[in-house]
Structure formats: C-alpha cells, structure tokens
Amino acid sequence: MKFSLDSAPGSLTIAAYAQDTVTIHGQVHHFPLVITPLATYTDLLPDTLDALTPAHLQAVAGLGVEILIVGTGTRQIFIDRALIDALAQQGVGLEAMNSPAACRCFNVLVAENRAVAVALFSA
Numbered sequence: 063m064k065f066s067l068d069s070a071p072g073s074l075t076i077a078a079y080a081q082d083t084v085t086i087h088g089q090v091h092h093f094p095l096v097i098t099p100l101a102t103y104t105d106l107l108p109d110t111l112d113a114l115t116p117a118h119l120q121a122v123a124g125l126g127v128e129i130l131i132v133g134t135g136t137r138q139i140f141i142d143r144a145l146i147d148a149l150a151q152q153g154v155g156l157e158a159m160n161s162p163a164a165c166r167c168f169n170v171l172v173a174e175n176r177a178v179a180v181a182l183f184s185a
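As structure tokens, this is what we get:
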C-alpha cells in the first residue's frame, strides 16, 4: 500500500507499507520497528508480538509519547490488558490495530503534531 500526502514537513511519516516493511523518506525499514515523528528505533521491541512485555512498552513511553499505536501485522490482535494498564498509569494511551491501519493513523497524528509512536510487528 502506498501513501502520498506529506503534510508534516520535517517529521518522519510512513510513505509505504508492505507485509514486513515500511518506507520512510525513501528508506525501507524492517519490522519489528518503533517510529516517532523524529526517529526510528530497531532495538526497543522483541521479535514477536507475543514476547511484548511492560518493560518494552515503558522503553517506548520513555521517548516522550502520549499515544502508542501497536501495529499487530495483517490482522488485529488485542493487546493484554495488563500491558495497556501499565502504560495508562504513565499517562500513555495504547491502541492496537492491524499494521496498515496503524501506519495510516500514525501519519494522521503526526500531521496533527501529536506526541505519538507506532510499534510495528509483522504477522
């Protein structure tokens, strides 16, 4: 899936999504991956969604985000409530959706200058 609008100049936005990669400013990045409006991180997540722990999410929250979107792959997988609650106690909202929807949502929130991160996994 290819996206086209870049309404947040200077911020990282996702230009294209494939099953296990995203393209940002012409560079292809492989999952798992965390993206914020300012940087990409390849060392914050476990290899699989099943291995996700509160410590992983707290590391992402430490990037100064208010919203964390988790892209769960080609289909939506619900995140364990304990993980959601751990972030909520820090004032960070977590929403899980399939990865294409997570990419689109991330771009919209970046365009609104929101403090957002997306954590993308392949399925």
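The numbering used here applies: residue 63 is where the sequence shown begins, and numbers increase by one.
Here a beta-carbon is modelled for each residue, glycine too, at the ideal position from N, C-alpha and C.
Counting every other CB atom within 10 Å of its CB across the protein chains shown gives residue 140 a total below 16, marking it as exposed.
Restricting attention to 137, 93, 105 and 87, the CA atom closest to the CA of residue 99 is found in 87. Inclusion of residue 171 and residue 93 in the CB contact set at 8 Å is not warranted, their separation being larger than that value. Note that the C-beta distance between residue 132 and residue 156 is below 8 Å.
A distance below 8 Å between beta-carbons, with the five flanking residues on each side excluded, links residue 102 to the following residues of its chain, in chain order: 74, 86, 91, 95 and 96. Measuring C-alpha to C-alpha distances from residue 116 to each of 148, 77, 153 and 176 identifies 148 as the nearest.
Residue 148: member of the alpha helix (DSSP H) spanning 143 to 150, first to last residue. Runs of beta strand (DSSP E) with 3 or more residues, each lying fully within the segment 74 to 102, are found at 78 to 80, 83 to 86, 89 to 92 and 95 to 97, listed in chain order.
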